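Below, the structure is given as structure tokens:
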């Protein structure tokens with residue numbers, strides 16, 4: 373099969389590395405497009421004539437068969453030595469040019485996910501909640517607000533059992549190399565004490581749902597892989613297991629038909645061919661939708677539970693190049709994440725990520741002393 377995969381991600385992305393390893397077995401090369409490389413290391417050009425356009429430089433698209441919008445880097449990598457104000461202007465221009473290039477790159481290629489769908493879904497949690505509800509899913513009682521009075525009333529109405537989550541992940545870095553990320557957390561009385569803080573930044577507030585366990589569902593076209601995450605009984609996993617030093621126990625899970633169909637309807641309405649859903653399963657067996665991530669991590673599911681053929685599904689979605697790729701097609705793509713991790717290619721991938729790309733820039737990220 374001619375051509376190559378163009379993957380938009382950050383250096384060292386193991387998901388992209390595993391897919392590139394599998395595609396290489398089929399004679400397909402992978403080219404990396406990292407925002408952190410641009411403009412300091414990479415050059416891109418877009419030329420528009422009277423009847424046609426051309427993309428050139430570091431990302432020619434003439435032989436590009438697949439484009440994967442996998443991960444977007446934190447900040448463009450501008451050259452060293454610029455005045456701080458000039459550097460900020462260069463970052464803004466570079467990021468806008470980068471996104472503009474994506475919109476004109478390889479129109480003939482198979483995109484995972486289509487760019488307009490990716491942009492519509494990307495961290496658009498309120499839109500997702502409305503769609504999930506319209507597709508018959510149960511969602512938590514939710515308030516998104518920066519109104520201190522309404523936030524306080526919502527928390528009191530639910531007896532203080534409310535979590536707060538950001539619209540977009542935010543990272544704080546200390547100058548000694550440590551980092552802190554705000555995910556989801558229980559709201560306390562102290563959090564409500566200063567109305568100026570509540571008004572300064574809107575958050576999503578949701579009623580805390582009692583859980584028997586959680587379910588992660590990964591969708592690849594029409595192929596569905598579900599995993600049960602046992603989080604109950606461990607206080608470190610109770611609110612958001614991503615905070616914890618350890619993962620919950622992961623086992624294969626048979627998704628009820630109505631939940632499976634609901635996921636596929638949401639995917640269709642968002643125009644996505646790949647995504648990961650998070651659900652809470654209540655003690656009474658009811659499913660509660662939390663969110664869908666159009667570029668969510670999924671290979672950790674196979675790493676923790678090798679019975680889940682996640683890499684096979686991901687590779688198959690690219691090679692099949694059709695949105696109706698299904699569970700029945702998985703056997704054609706016998707690629708396992710453990711085989712990649714145990715191969716010499718894995719070490720070569722890690723070394724190449726360090727040598728061939730600039731590290732993700734921390735410019736514009738808040739530093740906390």
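Residue numbers (the working numbering): 373 to 741.
Even glycine gets a Cβ: it sits at the ideal position worked out from N, Cα and C.
A quick note: this is a predicted structure, and the numbers were derived from the prediction, not measured.
Taking DSSP's pairing of strands, which residues face residue i in a bridge?
i           : result
residue 600 : 587, 623
residue 379 : 404, 440
residue 638 : According to DSSP, which records beta bridges pairwise, residue 638 is partnered with nothing at all.
residue 514 : 578
residue 647 : 591
residue 537 : 576
residue 653 : 585, 659
residue 698 : None; residue 698 has no bridge partner.
residue 411 : 449
residue 543 : 553
Do residue j and residue i have their beta-carbon atoms positioned less than 8 Å apart in this structure?
i           : j           : result
residue 663 : residue 679 : no
residue 494 : residue 666 : yes
residue 514 : residue 501 : yes
residue 448 : residue 517 : no
residue 813 : residue 653 : Nothing can be reported for residue 813, as the shown portion of the chain is limited to 373 through 741.
residue 381 : residue 388 : yes
residue 604 : residue 618 : no
residue 377 : residue 438 : yes
residue 648 : residue 590 : yes
residue 420 : residue 470 : no
residue 441 : residue 485 : yes
residue 725 : residue 479 : no
residue 634 : residue 462 : no
residue 642 : residue 510 : no
residue 699 : residue 572 : no
Below 8 Å on the Cβ atoms is my contact criterion, and I expect residue i with residue j to pass it. Report the Cβ-Cβ distance as a whole number of Å.
i           : j           : result
residue 394 : residue 687 : 4 Å
residue 536 : residue 576 : 7 Å
residue 558 : residue 524 : Between residue 524 and residue 558 the Cβ distance is about 15 Å, and since that is not below 8 Å, they are no contact.
residue 530 : residue 579 : 5 Å
residue 534 : residue 593 : With a Cβ gap of about 37 Å, residue 534 and residue 593 do not count as contacting.
residue 691 : residue 398 : 7 Å
Is DSSP giving residue i helix, strand or coil here?
i           : result
residue 486 : coil
residue 718 : helix
residue 724 : helix
residue 664 : strand
residue 456 : helix
residue 449 : strand
residue 709 : helix
residue 674 : helix
residue 564 : helix
residue 558 : strand
Touching by the beta-carbon criterion (3+ pairs, under 8 Å), the region 591-607 and the region 546-554: Not touching, per the Cβ criterion.
Given 8 Å, three or more beta-carbon pairs between the region 690-707 and the region 671-680: As far as the Cβ criterion goes, the region 690-707 does not touch the region 671-680, which means the pair count is below three.
At least 3 beta-carbon pairs within less than 8 Å: the region 406-414 vs the region 704-723: Counting Cβ pairs under 8 Å, fewer than three are found: no touch.
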